[in-house]
Amino acid sequence: MPTRYDLDREAFADLLSGEPRYRVDQVWQGLYEHHTDPADITNLPKALRARLADELPLALEPAAESVSDDGDTVKWLWRLADGAAVETVLMHYPDRSTVCVSSQAGCAMACSFCATGQAGFERHMTVGEIVEQVVIAARVAKPRRLSNVVFMGMGEPLANYDATWGAVERIHGALGLSARHITVSTVGVVPGIERITQESLPVNLAVSLHAANDELRDELVPINRRYPIARLLEACRRYVDTTHRRLSFEWALIDGVNDREQDAQELAVAARAVRAHVNLIPLNPTPGYAVRGTPPARVREFRDRLEELGVNATVRRNRGTEIDAACGQLRANHEATPVRAPRRRTRTSTSTSTS
Ligand code: SAH
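Note that the working numbering has the sequence shown beginning at 10, numbered continuously upward.
As structure tokens, then:
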């Protein structure tokens, strides 16, 4: 059964076929511009509101919510209709509010250092399941305006291309976010990069590189065996040449693994070849990977070294570490204890735990 945000305008026109035509606009505005529940779209007749509330169920059932960084980071664990669990993180910054959404329950890419990868693949998410995460974040962000969406939660968005792109179009067209404020992050699924190159909406593309030689990348990011670095960079080059958009490389700095002089040099060659900006993320610890993140002073040194080598690099701040909401820490495996006790202000709402 489709959920509330799975339906496009045509599907609404069908659903409301016995009603005056302007009802479609009213419902659409209520859901996407005011982020309201059908029951609260007050310009609709009562009976219609009740019918829509009944026929358009929400996809995400809250299982837990936690707050950190003095309220500036909010993480949700959702339970989907079939029991799968996914997470969403909302982050407020002085100049923007960003939501990090999941595109799959679990992930098949099996990156060794990522908690989602360690837990394996469950299923693809639908357009409605992805879009609903953004609508909820937009509602909770008020009075601030949700400005950015990053596909950096659970899952590999380009392995679930149609739903990801359907969600991008809805987030842009119906929720009104600028395409330049939407970022799709990929582990390097080359056919997906080739498809996104052909799309007309100018979203940002982030490629999770993490290693710039095949031997190390095969180990950290197993999909590299299928799409090795030369092929990946070729797809990146075509993307940049065709779209004239900026590409970024994500690089999780792992102590003694990819933070050495040789790594900086290899990364600089790759980044310069496609004029990529580099985002450095100190590795967040995960249960299944016994290696540490690079200490802060050496993270800065690595960034400075890249700059010397002619590459723009920034260090991404770790948000939500204390509530397991940081990059790579999201995991579906919360059955018994939905959220580990964070240090500050936590609220665990209606537990739908099955155990
Ligand atoms: N599958 C997509 C999006 C998911 S994760 C992708 O791979 O890009 C978003 C980013 O977090 C990716 O760059 C991913 O490599 C990174 N990441 C995963 N685990 C991490 C960890 N433990 N520490 C820091 N970054 C991590």
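By construction, the Cβ of each residue, glycine as well, lies at the ideal position given by its N, Cα and C atoms.
Note that this is a predicted model, so its numbers are computed, not measured.
Between the C-alpha atoms of residue 192 and residue 10, what's the straight-line distance to the nearest angstrom? Your numbering for residue 192 matches position 183 in the sequence shown. Your numbering for residue 10 matches position 1 in the sequence shown. The straight-line gap from Cα to Cα measures roughly 29 Å.
Residue 161 beta carbon less than 7 Å from that of residue 194: In the sequence shown, the residue the question calls residue 194 occupies position 185. In the sequence shown, the residue the question calls residue 161 occupies position 152. Yes, these two residues count as a Cβ contact at 7 Å.
At a cut of 8 Å, does the segment 148–160 reach the segment 14–27 through at least three beta carbon pairs? Flag = no, the segment 148–160 and the segment 14–27 do not touch.
Between residue 76 and residue 109, is the Cβ-Cβ spacing less than 7 Å? Locating residue 76 in the sequence shown gives position 67, where the first residue counts as 1. Locating residue 109 in the sequence shown gives position 100, where the first residue counts as 1. No; because the gap between Cβ atoms is not below 7 Å, this pair is not in contact.
Does the structure place the segment 196–203 close enough to the segment 221–233 that three or more beta carbon pairs sit under 8 Å? yes
At a cut-off of 6 Å, would you count residue 196 as near ligand 1, judging by its Cβ distance to the nearest heavy atom? Locating residue 196 in the sequence shown gives position 187, where the first residue counts as 1. Because some heavy atom of ligand 1 lies under 6 Å away, the Cβ of residue 196 counts as near it: yes.
Mind reading off the beta-carbon distance from residue 275 to residue 222? Whole number of angstroms is fine, and I expect it under 8 Å. Position 266 of the sequence shown, counting from 1, holds the residue named residue 275. Position 213 of the sequence shown, counting from 1, holds the residue named residue 222. Between residue 222 and residue 275 the Cβ distance is about 6 Å, and since that is below 8 Å, they are a contact.
Could you round the C-beta distance between residue 168 and residue 218 to whole angstroms and report it? I think they count as a contact, below 8 Å. Numbered from 1 along the sequence shown, position 159 holds the residue referred to as residue 168. Numbered from 1 along the sequence shown, position 209 holds the residue referred to as residue 218. Rounded, the Cβ-Cβ distance is 17 Å, inconsistent with contact.
Between residue 341 and residue 121, what straight-line distance do the alpha-carbon atoms span, to the nearest angstrom? For the purposes of this step, residue 341 is taken as residue 332 along the sequence shown, with counting starting at 1. For the purposes of this step, residue 121 is taken as residue 112 along the sequence shown, with counting starting at 1. Unreliable placement is indicated for residue 341, whose pLDDT of 46 sits below 50; the coordinate value is still reported in the next sentence. Those two C-alpha atoms are separated by around 16 Å.
Residue of 56, 70, 99, 273 minimising C-alpha distance to residue 328: What you label residue 328 is simply residue 319 of the sequence shown in a count that begins at 1. Of 56, 70, 99, 273, the residue nearest in Cα terms is 99.
Which class does residue 259 belong to by DSSP, given the choice of helix, strand or coil? Along the sequence shown, read from residue 1 onward, the residue named residue 259 stands at position 250. Of the three classes helix, strand and coil, the one that applies to residue 259 here is strand, per DSSP.
Burial state of residue 314, where buried means 16 or more other Cβ atoms lie within 10 Å: In the sequence shown, the residue the question calls residue 314 occupies position 305. Flag for residue 314 reads buried.
Return helix, strand or coil for residue 113, following the three-state DSSP convention. Within the sequence shown, the letter at position 104 stands for residue 113. DSSP places residue 113 in strand when its eight states are reduced to three.
Please confirm whether any heavy atom of ligand 1 lies closer than 6 Å to the CB of residue 217. Here the question's residue 217 lines up with position 208 in the sequence shown. Checking the Cβ of residue 217 against ligand 1 gives yes.
To the nearest angstrom, how far is the alpha carbon of residue 16 from that of residue 35? In the sequence shown, counting from the first residue as 1, residue 16 sits at position 7. In the sequence shown, counting from the first residue as 1, residue 35 sits at position 26. Going by the C-alpha atoms only, they are around 15 Å apart.
Same chain, Cβ closer than 6 Å to residue 179, neighbours up to 5 away in sequence not counted: Residue 179 sits at position 170 when you count from the first residue of the sequence shown. 140.
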